[in-house]
Amino acid sequence: MSLEIPVPQGNIESIITKNKPEMVREKKRISYTHPPTITKFDLTRVIGNKTEDKYEVELEAGVMEIFAAIDKIQKGVDNLRLEELIEVFLNNARTLNNRLNKIC
Numbered sequence: 001m002s003l004e005i006p007v008p009q010g011n012i013e014s015i016i017t018k019n020k021p022e023m024v025r026e027k028k029r030i031s032y033t034h035p036p037t038i039t040k041f042d043l044t045r046v047i048g049n050k051t052e053d054k055y056e057v058e059l060e061a062g063v064m065e066i067f068a069a070i071d072k073i074q075k076g077v078d079n080l081r082l083e084e085l086i087e088v089f090l091n092n093a094r095t096l097n098n099r100l101n102k103i104c
């Protein structure tokens, strides 16, 4: 789990002058959302100042849909939805991992 707080473009200069960065990373990100599986795919190219380019893949689950499934469990309405969401999300991760391992 992580928390990312983007800084508005106009505020970067004042932050850099106060805190000299040891490393600078430029990210180019493309995101795709697959609503039926509540999955957001982030594909990122990370350009470092002293290293070769790296590529990152992140999967994010739709938090509101998960909370709604938890609410249904607590209300006794639907005990399977949360399990289904997690199973499909993990299957997406496994499929992506298998395909990336074949090409890397």
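Position 56, counted from 1, in the sequence shown is what the numbering used here calls 56; the numbers after and before it change by one each time, with no gaps. By construction, the Cβ of each residue, glycine as well, lies at the ideal position given by its N, Cα and C atoms.
(Q) Considering only DSSP beta bridges, list what Thr39 is partnered with. (A) DSSP lists His34, Ala61 as partners of Thr39.
Q. Since Thr95 is in the alpha helix (DSSP H), which residue starts that stretch and which ends it?
A. Start and end: 81-103.
**Q.** Contact set for Lys72: own chain, Cβ-Cβ below 7 Å, skip 5 residues either direction
**A.** Closer than 7 Å at the Cβ level, and outside the excluded window around Lys72, lie Asp78, Arg81.
Q. So which of Leu90, Pro6, Ile86, Ile16 has the shortest CA-CA distance to Lys27?
A. It is Pro6.
Q: Work out the CA separation of Cys104 and Ile16 for me, nearest whole Å.
A: Cys104 has its alpha-carbon roughly 36 Å from the corresponding atom of Ile16.
Q: Determine, using beta carbons only, whether Leu43 and Leu96 come nearer to each other than 8 Å.
A: Against a cut-off of 8 Å, the Cβ pair of Leu96 and Leu43 comes out as no contact.
Q) alpha helix (DSSP H) containing Glu52: first to last residue? A) No alpha helix (DSSP H) contains Glu52, which DSSP labels as neither H nor E.
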